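K.L.:
I am attaching a structure below and will ask some questions about it afterwards.
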Amino acid sequence: MVTQEDVIELAKRRGFFFGANGAYGGVAGFYTYGPNGAAVKDNLESAWRDRFTVRQGNMEIEAPTIMPEAVFEASGHLDGFDDMLVECPECGESHRADHLIEDNTGIEEAESLPVSEVEMIIRDHDLRCPTCDAPLGGEPVEDFNLMFETSIGPGSGQPGYMRPETAQGIFVEFPRLKEYARNRLPFGVTQIGPAYRNEISPRKGIIRVREFTQAELETFIDPEEDEPPLHEVADVEVTLYPADEQEDEEGSAYATTVGEAVEEGVIGSEWVGYYLGVAQEWYERVGVDMDRFRFRQHLPGELAHYAADCWDAESEVGGDWIEITGFAYRGDYDLQKHAAHSGEDFDVFVAYDDPVTVERATVDPDMSVLGPAFGGAAGDVADALRDLVERDPDAFRNAKAAGEPVTVTVDGEDYDVALETANFGVEEVTESGESVTPHVVEPSFGVGRIVYTVLAHAMDRDEVDGEERTVLRLPPGVAPTTVGVFPLMDKDGLAEHARTVAADLRAAGLAVTYDDSGAIGRRYRRQDEVGTPYCVTVDYDTLEDDTVTVRDRDSTEQRRVAVDDLVATLARLRAGDLAFEDV
Numbered sequence: 002m003v004t005q006e007d008v009i010e011l012a013k014r015r016g017f018f019f020g021a022n023g024a025y026g027g028v029a030g031f032y033t034y035g036p037n038g039a040a041v042k043d044n045l046e047s048a049w050r051d052r053f054t055v056r057q058g059n060m061e062i063e064a065p066t067i068m069p070e071a072v073f074e075a076s077g078h079l080d081g082f083d084d085m086l087v088e089c090p091e092c093g094e095s096h097r098a099d100h101l102i103e104d105n106t107g108i109e110e111a112e113s114l115p116v117s118e119v120e121m122i123i124r125d126h127d128l129r130c131p132t133c134d135a136p137l138g139g140e141p142v143e144d145f146n147l148m149f150e151t152s153i154g155p156g157s158g159q160p161g162y163m164r165p166e167t168a169q170g171i172f173v174e175f176p177r178l179k180e181y182a183r184n185r186l187p188f189g190v191t192q193i194g195p196a197y198r199n200e201i202s203p204r205k206g207i208i209r210v211r212e213f214t215q216a217e218l219e220t221f222i223d224p225e226e227d228e229p230p231l232h233e234v235a236d237v238e239v240t241l242y243p244a245d246e247q248e249d250e251e252g253s254a255y256a257t258t259v260g261e262a263v264e265e266g267v268i269g270s271e272w273v274g275y276y277l278g279v280a281q282e283w284y285e286r287v288g289v290d291m292d293r294f295r296f297r298q299h300l301p302g303e304l305a306h307y308a309a310d311c312w313d314a315e316s317e318v319g320g321d322w323i324e325i326t327g328f329a330y331r332g333d334y335d336l337q338k339h340a341a342h343s344g345e346d347f348d349v350f351v352a353y354d355d356p357v358t359v360e361r362a363t364v365d366p367d368m369s370v371l372g373p374a375f376g377g378a379a380g381d382v383a384d385a386l387r388d389l390v391e392r393d394p395d396a397f398r399n400a401k402a403a404g405e406p407v408t409v410t411v412d413g414e415d416y417d418v419a420l421e422t423a424n425f426g427v428e429e430v431t432e433s434g435e436s437v438t439p440h441v442v443e444p445s446f447g448v449g450r451i452v453y454t455v456l457a458h459a460m461d462r463d464e465v466d467g468e469e470r471t472v473l474r475l476p477p478g479v480a481p482t483t484v485g486v487f488p489l490m491d492k493d494g495l496a497e498h499a500r501t502v503a504a505d506l507r508a509a510g511l512a513v514t515y516d517d518s519g520a521i522g523r524r525y526r527r528q529d530e531v532g533t534p535y536c537v538t539v540d541y542d543t544l545e546d547d548t549v550t551v552r553d554r555d556s557t558e559q560r561r562v563a564v565d566d567l568v569a570t571l572a573r574l575r576a577g578d579l580a581f582e583d584v
């Protein structure tokens, strides 16, 4: 079985990813994508953009990565974006407490447990510091905020933070984005870009880092009217691991379809179910092994402060399950919060097909009475009356029927107001529409983790011509290079001819590597190891009939192809429009 160590070793040796700033000793949690890794990452982002922006008909933006403090006060990140930290009393190293439990006990998803229970587990299992082996039992577990703080401007400047997710850049700009969508729901906005979290204990290569790339889609819907095209994915087969199965000692993940899971209420939101189906097909397209993949529902203690329901797409690598995407129904939490904090309009006016006439309860508080009666509280009492008539007009009707005053509460104190002072009434109003605060459905993809998953799932070992080889069976559209071009030998004009072939393929938009170093078999092995799906060899027959040998990475079979047909053939192979056996 391929281990995480195998993946990380290959990634470093072949230029997929490696620890950054090595010349200065490096800093945990920061990685550089090498030439092959940057190409795979770019191909995955392009495939994501094609599926979730272009084909879905969504808009894409690029927002700043640094945002003012007020944004994160509104979003709740300053108060609730925490992980559990325990500090070693001997060496002073800080560790993430839930990870210590998961790594050293049979307990899963320790993140969902309360702090008091985490402390008890550390003590009862005699968990020790991974750095110096000192006992951690009895040490306090504290919440640690993951936000990176900075200053905007000279001196102390304006407090700011590196964004911990790309989503807030979309939510903050909603008042303008709704105009671009012509104030029509539903609509979606995507963004691909970096986010930052000051992780307590970065680990496992690019799985848990402090700077990472997210690809996020925020779909804004009218919760009363908008429905997803669920029929498009109803028959998509998925593996689900619901919360009740996780809480059952004998529970396990099971196979079903998106349609069945939504109908049975296992997936509570049709919109979440729709995106699980869309994502399932996309994962398969980019090379995730579906036998090592599942959707896991968040346990109640795991749910983010904004999420009504949430599912993670998880992949298995080296025996561990890692989250690669989160699917959340965020409700109207984000837009309501930003509206309240900014004073801007985060609603969308939804027009009716035909105007309607409705009865509307109203109040017009008489301040000449409220002022002397309630003094400095009069203004707040008037506001409370206006809020109550919108929220519960029957309170006024019931008070009128009983011949009693209406009661409102301000700062914990009740105030009785006569109906004639409130000037309660009912009037007929013709309405052409209503203001709606959209709800948000969010698929949030961790690009680096998907890169890692695709590499791990593609990595294989087999034997060719009596020799073991390592091969990355990456889909052609994801592989860092589409084709390697070789001269059979570096003489008799073969190299010059091969360079011309390589140049022509590059001019046609194909990713090409040229290699004339070493035996031809060794050159094939190098390309197999980085996932290049096809190799073209210029040999002596090429000089006679202008054909070349095209070799398939996975089967190692070869075909002769005319140079004039080479671009079209390779383009069709890369797109999946042609099978190699049909060349």
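The numbering used here puts the first residue of the sequence shown at 2, with every later residue one more than the last. Cβ atoms here follow ideal geometry from the backbone N, Cα and C, with glycine treated the same way. Keep in mind the model is a prediction, meaning the values are calculated, not measured.
1) When you measure from the CB of Thr570 to every non-hydrogen atom of the ligand HEM, does any distance come out below 7 Å?
2) Looking at the secondary structure, which residues open and close the alpha helix (DSSP H) in which Tyr276 lies?
3) Give me the Cβ distance between Thr592 and Glu530, rounded to the nearest whole Å; I'm assuming they're in contact under 8 Å.
4) Determine the contact status of Pro488 and Pro534, defining contact as a CB-CB distance below 8 Å.
5) Hey, how far is the Cα of Val564 from the Cα of Leu300?
6) In whole angstroms, what separates the C-alpha of Leu456 from that of His100?
7) Name the residue from Val390, Thr54, Ala40 and Leu86 whose alpha carbon lies nearest to the alpha carbon of Ile201.
8) Taking the beta carbon of Ser436 as the centre, do at least 16 other beta carbons fall within 10 Å, making it buried, or is it exposed?
9) Figure out for me which residue from Ile67, Asp51, Phe73 and Ala244 has the closest Cα to the Cα of Ser595.
10) Considering Ser202, what are the terminal residues of the beta strand (DSSP E) in which it resides?
11) The alpha helix (DSSP H) that contains Val407, what's its start and end?
12) Report all residues from its chain with a CB closer than 7 Å to the CB of Ala532; omit the five preceding and five following residues, and keep chain order.
13) Would you kindly report the start and end of the unbroken alpha helix (DSSP H) that includes Val259?
14) With Thr570 as the anchor, note down where its alpha helix (DSSP H) starts and where it stops.
15) Beta-carbon separation of Arg561 and Thr550 under 8 Å?
16) Just to confirm the assignment: which complete alpha helix (DSSP H) runs, minimum length 4, are found wholly within the region 346-417?
17) Excluding the five sequence neighbours on either side, which residues of its own chain have a C-beta within less than 6 Å of the C-beta of Gly269, listed in chain order?
18) May I ask which residues mark the beginning and end of the beta strand (DSSP E) holding Tyr515?
19) Are Val289 and Val259 touching if we call contact CB-CB under 8 Å?
20) Tell me whether the region 187-199 and the region 313-323 touch, counting them as touching only if at least three CB pairs, one residue from each stretch, are closer than 8 Å.
21) Can you confirm whether the region 277-284 touches the region 223-240 when touching is taken to mean that 3 or more C-beta pairs between the two stretches lie within less than 8 Å?
22) Might you give, ordered along the chain, the residues of its own chain that have their beta carbon closer than 6 Å to the beta carbon of Gln559, omitting 5 neighbours on each side?
23) Are the beta-carbon atoms of Pro229 and Glu166 separated by less than 8 Å?
24) Mark Asp540 as exposed unless 16 or more other C-beta atoms lie within 10 angstroms of its C-beta, in which case mark it buried.
25) In the DSSP assignment, find the unbroken beta strand (DSSP E) run with Ser436 in it and report its ends.
26) Please report how far the alpha carbon of Asn105 lies from the alpha carbon of Ala329, in whole angstroms.
27) Given this structure, state the Cα-to-Cα distance separating Val537 from Ala520, to the nearest angstrom.
28) How far does the beta strand (DSSP E) with Ser95 in it reach, from first residue to last?
29) Alpha carbons only, please: which of Glu360, Asp415, Ile207 and Asp393 is nearest the one belonging to Ala378?
30) I'd like to confirm the pairing. Which residues does DSSP put opposite Asn146 in its beta bridges?
31) With distances taken Cα to Cα, identify the nearest neighbour of Val349 among Leu506, Pro176 and Phe296.
32) Decide if Ala400 is buried, meaning its Cβ has at least 16 other Cβ atoms within 10 Å, or exposed.
33) Comparing alpha-carbon positions, which option in Pro69, Gly266 and Arg211 lies nearest Gly154?
34) For the beta strand (DSSP E) that contains Phe221, what are its first and last residues?
35) Along the alpha helix (DSSP H) that carries Gly449, what are the first and last residues, could you check?
36) Is the beta carbon of Glu150 sitting closer than 8 Å to the one on Val190?
P.N.:
Taking the coordinates as given:
1) Among the components of this structure there are no ligands whatsoever, and the ligand HEM is therefore not found.
2) Glu271 to Val287
3) Outside the displayed range of the chain (2 to 584) lies residue 592, so it cannot be described from this structure.
4) no
5) Spanning the alpha carbons of Val564 and Leu300 requires a straight line of approximately 58 Å.
6) The straight-line gap separating the alpha-carbon atoms of Leu456 and His100 is approximately 24 Å.
7) Leu86
8) exposed
9) Residue 595 lies beyond the stretch modelled for the chain, which goes from 2 to 584, so this question has no answer here.
10) First-last for Ser202: undefined, no H or E at that position.
11) Here Val407 belongs to no alpha helix (DSSP H); instead the beta strand (DSSP E) covers Val407 to Val411.
12) The residue you asked about is not Ala; residue 532 is Gly in the sequence shown. Ala459, Leu473, Leu475, Ala480 and Pro481, listed in sequence order.
13) Where Val259 is concerned, the enclosing alpha helix (DSSP H) stretches over Val259 to Glu264.
14) Element bounds for Thr570: Val564 to Ala576.
15) Against a cut-off of 8 Å, the Cβ pair of Thr550 and Arg561 comes out as a contact.
16) 368-375, 379-392 and 395-403
17) Asp310
18) Per DSSP, Tyr515 belongs to the beta strand (DSSP E) from Val513 to Tyr515.
19) No.
20) no
21) yes
22) Thr550 and Arg552
23) no
24) buried
25) Gly426 to Val437
26) Cα to Cα, the separation comes out at about 30 Å.
27) 15 Å
28) Ser95 to Arg97
29) Asp415
30) Note: Asn146 sits in a beta bridge opposite Asp83.
31) It is Pro176 whose Cα lies nearest to the Cα of Val349.
32) buried
33) Pro69
34) Residues Glu212 to Ile222.
35) Val448 to Ala459
36) Their beta carbons are not under 8 Å apart, which means Glu150 does not touch Val190 by this criterion.
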